[in-house]
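Start counting the sequence shown at 6; every next residue gets the next number (this note's numbering). We treat Cβ as the ideally placed atom computed from N, Cα and C, and that holds for glycine. The next block holds one structure in the form of structure tokens; read it before the comments.
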Amino acid sequence: MSRDEEAFPRVFLRIKELYKKGFVSYSYHSKQRKEQRRIDTPDVENLIRYGRMVEKRTEPGFKTPTCTIEGFSVDGEKIGCSVAVVDNILIIVTAFRRDRRR
């Protein structure tokens with residue numbers, strides 16, 4: 006297990022804490038993708054509360070790493086999102102649906 010993977014629980018706990026406290030913002034891109042992919046805010050909340058963090062990486066244009074979270078919508082559909090923490094604000098970068106065959 007890599008050092009990044011060892012830090013997943015601590016990082017994911019921080020993500021959940023920020024979301025629960027309401028320190029969350031949706032990027033313009035994520036708002037577009039949520040609408041396009043029919044993913045609602047309760048789906049994102051369910052994903053963050055009950056999903057799992059599967060990846061941490063650096064995205065172009067972001068100074069801080071993004072984390073990929075996978076889980077389920079409130080209707081049981083496989084979904085995911087990418088998030089970043091910037092100045093103690095959780096930024097939802099994008100949201101997506103997962104292929105059922107994965």
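Quiz prompt | Closest Cα partner of Ile74 within the set Asp92, Tyr33, Arg103 | solution = Comparing Cα-Cα distances from Ile74 to each of Asp92, Tyr33, Arg103, the minimum goes to Arg103.
query = For the candidate residues Glu82, Pro70, Gly81, whose alpha-carbon lies nearest to that of Val90?
reply = Pro70
Practice prompt. Count the other CB atoms, across all protein chains shown, that sit within 10 Å of the CB of Arg15; report buried if there are 16 or more and exposed otherwise.
Written response: exposed
### Task
Determine the extent of the beta strand (DSSP E) in which Val88 is found, giving its start and end residues.
83–91
Spatial distance of Arg106 from Ser78 (CA atoms):
Unreliable positioning characterises Arg106 in this predicted model, as indicated by a pLDDT of 41, which lies under 50. A coordinate reading is not provided.
Review point. What three-state label does DSSP hand Ser35 in the structure shown?
Key: helix
For Arg56, I'd like the list of residues in its chain whose CB is within less than 6 Å of its CB, leaving aside the five on either flank, ordered along the chain. Per the sequence shown, residue 56 should be read as Gly rather than Arg. These residues qualify, in order along the chain: Ile74, Glu75, Gly76.
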